[in-house]
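Notes for the one structure printed next.
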Amino acid sequence: MKRLLLLTVGLGLAWTLQDQSEVPVQPGFSPEQVTGQWSTVNLASTDWSVIEEGGAYRCFMTGIALLDNGNLNVTYFHRQGGKCVKEFYVAEKTGIPGRYTFEYQGKNYLTFVAVTEEFTIMDLENHSEGNTLIVVELHGRTLYAGKRGLEPYKRHTSRRGIAPDSIVDVSLNQTGSCWDLRLFAPGAMTLVRGWLLLLAFNVDLAQKTLDEVPLQPDFDARKVEGQWLTIQLATSHRDLVLPTDPLRLSLHSIGTRDGGDVDFVLLEK
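Residue numbering for the sequence shown follows my numbering, starting at 323 and increasing by one per position.
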């Protein structure tokens, strides 16, 4: 009983020290604010190696779900063995709203430093074998929306002692078998035509007219926002969808922007 009491006091003291110094929590935080789909925009760390290609914290968060017990299920993609795999961790709630803990290569203290309708800033402090590691993440509801949190994100990384050159932009990034691509379509271009034009450009068929491609009547790009699962691929050039070809891609999710542009997140099949 005494050990349990001391452990509780110790954890509370750790959070208190962070409250007073470097890790503020979003005022009025509620877990419902952070549930749903997210896209990772920036990563920063006191140890660059953990967020570089192949690093333990080079992860791309895709969503947060609120569990019945108040904990959070956080899903993300992470490269393992040359492939991008989907994983998750459960962030356990503490007595302070907006602060959570989870186990990953040691004890991790997760704080939602800032939460808006467009972006969130997450501070992760890892304690392992007497060492402390800090990772700060910026996520957006879309990649474009996440950019609006860049200034407060930079202020927080500075407060945590992270140099500007230790911040990496992963919003437009190809990480081995994880593809995170954005299509900048003119406002008048529909999503379907934009998707076909992207493929046409990649296979050097951009001169081919798209007039012969039928278009969904009364198409609204907002109706196709969210996560998708690719079932089949077909092409006039079969070698383009063979397992060894880089164009053998699976659509993971779609997001739209205020100006009519479209975000595609693609994964290698």
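Ideal placement from N, C-alpha and C gives every residue a C-beta, glycine not left out.
None of the values given here were measured: they were computed from a predicted structure.
Q | Top-ranked residue by Cα proximity to Q355, from G462, P486, F399 and E473 | A | Position 33 of the sequence shown, counted from the start, is the residue given in the question as residue 355. Taking only the C-alpha atoms, the option nearest Q355 is G462.
Q) Mind checking whether E459 and L365 have CB atoms under 7 Å apart? A) By one-based count along the sequence shown, residue 459 stands at place 137. By one-based count along the sequence shown, residue 365 stands at place 43. The answer is yes: Cβ separation under 7 Å.
Q: Check whether the segment 408-421 touches the segment 432-444, counting contact only when three or more Cβ pairs, one atom from each stretch, lie closer than 8 Å.
A: Three or more beta-carbon pairs drawn from the segment 408-421 and the segment 432-444 are found closer than 8 Å, and the two stretches are therefore classed as touching.
Q) Helix, strand or coil: which one does DSSP assign to Y475? A) Sequence index remark: in the sequence shown, residue 475 carries index 153 (1-based). The answer is helix: DSSP assigns Y475 an H, G or I state.
Q) Just how far apart, CA to CA, sit I576 and A467? A) Indexing the sequence shown from 1 puts residue 576 at position 254. Indexing the sequence shown from 1 puts residue 467 at position 145. Rounded to the nearest angstrom, the two C-alpha atoms are 14 Å apart.
Q: Would you mind working out which of T454, R477, E447 and F441 sits nearest L465, comparing C-alpha positions?
A: The residue labelled residue 465 in the question sits at position 143 within the sequence shown. Minimum Cα distance to L465 is reached at F441.
**Q.** Euclidean distance between Cα positions of P349 and E473
**A.** Taking the first residue of the sequence shown as 1, we reach residue 349 at position 27. Taking the first residue of the sequence shown as 1, we reach residue 473 at position 151. Taken atom to atom, the span from the alpha-carbon of P349 to that of E473 is near 18 Å.
Q: Report yes if the CB atom of S488 is closer than 7 Å to the CB atom of V363, and no otherwise.
A: As a first step, residue 488 must be located in the sequence shown, where it is residue number 166. As a first step, residue 363 must be located in the sequence shown, where it is residue number 41. Contact flag unset, no.
Q. Which first and last residues belong to the alpha helix (DSSP H) in which A467 is found?
A. Residue 467 sits at position 145 when you count from the first residue of the sequence shown. Bounds of the alpha helix (DSSP H) holding A467 are L465 to K469.
Q) Out of curiosity, what's the CA-to-CA distance linking N453 and R380? A) The residue given as residue 453 occupies position 131 in the sequence shown. The residue given as residue 380 occupies position 58 in the sequence shown. For the pair N453 and R380, the Cα-to-Cα distance works out to about 19 Å.
Q) Does DSSP put Q427 in a helix, a strand or coil? A) The residue given as residue 427 occupies position 105 in the sequence shown. Three-state result, Q427: coil.
Q | The beta strand (DSSP E) enclosing K592, as first and last residue numbers | A | Because the chain spans 323 through 591 in this model, residue 592 falls outside it and cannot be assessed.
**Q.** Through-space distance from K415 to L573, alpha-carbon basis
**A.** Here residue 573 refers to the residue found at position 251 when the sequence shown is read from its first residue. Here residue 415 refers to the residue found at position 93 when the sequence shown is read from its first residue. Straight across, the Cα-Cα distance linking L573 with K415 is about 33 Å.
Q: With A366 as the anchor, note down where its beta strand (DSSP E) starts and where it stops.
A: Within the sequence shown, numbered from 1, the residue matching residue 366 stands at position 44. Unbroken beta strand (DSSP E) run through A366: S361 to S367.
**Q.** Cβ-based neighbour list, T357, same chain, cut-off 7 Å, excluding 5 preceding and 5 following
**A.** Within the sequence shown, the letter at position 35 stands for residue 357. So the qualifying residues of the chain are I386, A387 and L388.
**Q.** Distance between D540 and L446 (C-alpha atoms, nearest Å)
**A.** Residue numbering aside, residue 446 sits at position 124 when the sequence shown is read from its first letter. Residue numbering aside, residue 540 sits at position 218 when the sequence shown is read from its first letter. The straight-line gap from Cα to Cα measures roughly 45 Å.
Q.
My output table needs one value for R401: the three-state DSSP class, helix, strand or coil.
A. Along the sequence shown, one-based indexing puts residue 401 at 79. R401 sits in a strand when the DSSP states are folded into three classes.
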